[in-house]
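Here is the structure we will look at, set down as structure tokens.
Numbering (full-length UniProt numbering), first residue to last: 1 to 198.
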């Protein structure tokens, strides 16, 4: 069963059975006169609401306005630079961190989450936390948390854990097959029976 074109979908339940790329959701929102900015699951919720409540707009929760005018992309950063509410992880930030930590620096989700939640701390504090977070990797039981909306990464991790002799290429092959199928929630999760897909 192939995913129907959005124009053929008549209910939120039917819509939510399918996997949609974010760009597809943005396009649907634009064509339907629905606000098209935000995270993928916010867009899904708006579209589902519109299908169930024609003509009634879902109220869009406004992001908290930033107070700081600090320009993270152009400012000269230092160890005593204070983390502000508008922190940006662009090239200027990453290059500063690499200059202090080395080329092994990566801006992973756990680190970005800590930085966003610690307004008022310094970049020196952030560097110390980055090292603490990296030290966790030494534990044989360590697995970085994968955000719920990153279904592909979770699928690949689960696939390879269940099939240690398989390749990333095969994990992606089965992901691509599975995402074309309907699910009760629209979430794609690995199941051993996926190996029977063709």
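Beta carbons: idealized from backbone N, C-alpha and C, even for Gly.
In the DSSP assignment, residue 74 falls outside any alpha helix (DSSP H) and carries neither an H nor an E. For residue 177, the enclosing alpha helix (DSSP H) stretches over residues 168-178. Under DSSP, residue 66 forms no beta bridge with any residue. DSSP, reduced to helix, strand and coil, places residue 127 within a helical segment of the structure shown.
At the C-beta level, residue 86 and residue 73 stay beyond 8 Å of one another. Excluding residues up to 5 positions away in sequence, 1, 3, 17, 18 lie with their Cβ nearer than 8 Å to the Cβ of residue 182 in the same chain. The segment 6-15 and the segment 34-51 touch, with three or more beta-carbon pairs separated by less than 8 Å. Linking residue 105 to residue 134 through their CA atoms gives a straight-line distance of about 10 Å. Beta-carbon to beta-carbon, residue 172 and residue 166 are separated by about 11 Å, too far to satisfy the 8 Å threshold.
For residue 158, the closest alpha carbon among the candidates 191, 5, 186 is that of 191. Residue pairing of residue 122 in beta bridges, as defined by DSSP: 82. Around the beta carbon of residue 126, a 10 Å sphere encloses 16 or more other beta carbons of the protein chains shown; the residue is thus reported as buried.
Contact between residue 122 and residue 81 holds: CB atoms are separated by about 6 Å, below the 8 Å threshold. Separation of residue 56 and residue 28 (C-alpha to C-alpha, rounded to the nearest whole angstrom) is 16 Å.
With respect to the C-alpha of residue 131, the residue from 100, 154, 146 having the closest C-alpha is 100. Rounded to whole angstroms, residue 154 and residue 78 show a C-alpha spacing of 36 Å. The Cβ atoms of residue 174 and residue 152 do not sit closer than 8 Å to each other.
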